[in-house]
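Structure, as structure tokens:
Numbering (this note's numbering), first residue to last: 3 to 188.
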């Protein structure tokens, strides 16, 4: 049993709302000493990532510019879970909006905390099977996404070769791998 105790929040800081996330600095107390410490918290809606696979075993991936790294990245489709929305439904919605592909079946892979040191949200990962192209997609304002198909068997090379570097995308593929190894189909 752990002897680690929660750090009580003494004061909630002023919140800055940036639409996709909110940032604030709270004052907390060290449970061992009682000393006060500032801690930055980033609140965001939960996220979804979708490993989308077509009926002929092609991955539906997206390429887009990322402002944090100032680079174009190769990723799986994904996005924000809307308030009150089921994450599985959000996965299917984001897949269709970004790519125009509709899944035959959506399977939950699991979830992770993107950065529990400073973030409060969860990233859910899903596997979308038997995906079929229905239209060209309906990208949100401010999105510029190119859809690419890659053989599903290429995942190790895409990750190890540095084509896929987004940590949460790598985690989604790892969760899929672990479930396949365990013989689980959820």
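Glycine residues also receive a C-beta, built at the ideal position from the N, C-alpha and C atoms.
Option nearest residue i by Cα separation, candidates the options
i, options, result
"residue 103", "54, 135, 155, 27", "135"
"residue 113", "6, 45, 177, 43", "177"
"residue 126", "6, 172, 100", "172"
"residue 7", "26, 21, 34", "34"
"residue 12", "29, 149, 24, 25", "29"
"residue 50", "109, 41, 119", "109"
"residue 142", "72, 32, 95, 86", "95"
"residue 181", "128, 74, 117", "128"
"residue 170", "26, 25, 9, 77", "77"
"residue 117", "36, 9, 45, 39", "45"
For residue i, the residue or residues it bridges with in DSSP
i, result
"residue 121", "44"
"residue 127", "51, 112"
"residue 64", "77, 149"
"residue 19", "24"
"residue 135", "103"
Neighbour-count burial assignment, residue i, 16 or more Cβ in a 10 Å radius
i, result
"residue 67", "exposed"
"residue 54", "buried"
"residue 69", "exposed"
"residue 74", "exposed"
Supposed contact pair residue j and residue i - C-beta distance, whole angstroms, cut 8 Å
i, j, result
"residue 22", "residue 82", "7 Å"
"residue 100", "residue 43", "No, residue 100 and residue 43 are not in contact; Cβ-Cβ is about 29 Å, not under 8 Å."
"residue 131", "residue 107", "5 Å"
"residue 139", "residue 124", "No, residue 139 and residue 124 are not in contact; Cβ-Cβ is about 25 Å, not under 8 Å."
"residue 133", "residue 71", "About 28 Å; that fails the 8 Å criterion."
Query raised in the report: Would you call the stretch 16-26 and the stretch 89-97 touching, i.e. three or more CB-CB distances under 8 Å?
Result: no
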